[in-house]
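Asks:
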Amino acid sequence: MKEVILSISGKPGLFKLVSRGNRNLIVETLDAQHKRMPAFGTDRITSLNDVAMYTDDEDEPLTKILAAMGKKEGNKTASINAKKASSKELREYFATILPNFDRDRVHDSDIKKLISWYNILVESNITDFDAEPAEEKEDK
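With numbering that gives the first Met the number 0 applied, the sequence shown has no gaps in its numbers, which climb one by one up to 139 at the end.
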């Protein structure tokens, strides 16, 4: 999952890197439509491997947080509805996953996005959050 799952600023959902073009990336949505489109250098593209969340100590990589969510939820969709949950419910839920998260710098919108991304990954049958892609394992 590390570098092939991407977030593109301004576009909802998550994307899978399919190919690299001359001056762009070809990405595919991680939903039922599997729509392919180009992503250009002007888009803010971030690999989920490069995302971290604030804690009281060091920043925690998103892959570890997703793995903890998967363990808590049994690799099924999240038990909380992020769209309808109150701020208190979101923060209590997130505290069960990452107890030492920085309550000042982690906003409700960050927790909602994390839950949304987790659900997208689970619905796409991507539940091995710490695993390396098959190509990287073969190279080692």
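All residues carry an ideal CB built from backbone N, CA and C; glycine is no exception.
Any heavy atom of the ligand ATP closer than 7 Å to the Cβ of N80?
Replies: The ligand content of the structure shown is nil, which means the ligand ATP is not present either.
Asks: For the alpha helix (DSSP H) that A67 lies in, which residues bound it at each end?
Replies: As a working mapping, residue 67 is identified with position 68 in the sequence shown. Run containing A67: L61 to E72, per the alpha helix (DSSP H) assignment.
Asks: Taking the beta strand (DSSP E) that R43 falls in, what are its first and last residues?
Replies: If you number the sequence shown from 1, residue 43 lands on position 44. Careful: R43 lies outside any beta strand (DSSP E) and carries neither H nor E.
Asks: Going by beta carbon distance, what residues of the same chain come within less than 7 Å of R104, once the five residues before and after it are set aside?
Replies: Your numbering for residue 104 matches position 105 in the sequence shown. Closer than 7 Å at the Cβ level, and outside the excluded window around R104, lie Y53.
Asks: Compute the distance between the beta-carbons of L16 and L5, then report whether it is under 8 Å.
Replies: Taking the sequence shown and counting its residues from 1, one reaches residue 16 at position 17. Taking the sequence shown and counting its residues from 1, one reaches residue 5 at position 6. Yes, the Cβ-Cβ distance between L16 and L5 is below 8 Å.
Asks: Sorted by chain position, which residues of the same chain lie with C-beta nearer than 8 Å to V50's C-beta, five sequence neighbours on each side aside?
Replies: The residue labelled residue 50 in the question sits at position 51 within the sequence shown. S6, P60 and L61, listed in sequence order.
Asks: Once the 5 residues before and after Y117 are set aside, which same chain residues still bring their CB inside 7 Å of it?
Replies: Stepping through the sequence shown from its first residue, residue 117 is reached at position 118. The answer, listed in chain order, is L65, M68 and A77.
Asks: Using the rule of at least 16 other Cβ atoms within 10 Å of the residue's Cβ for burial, across every protein chain shown, is A31 buried or exposed?
Replies: Against the sequence shown, residue 31 aligns to sequence position 32. Per the 10 Å Cβ criterion, exposed.
Asks: From what residue to what residue does the beta strand (DSSP E) around R19 run?
Replies: For the purposes of this step, residue 19 is taken as the residue at position 20 of the sequence shown. Segment F14 to R19, the beta strand (DSSP E) holding R19.
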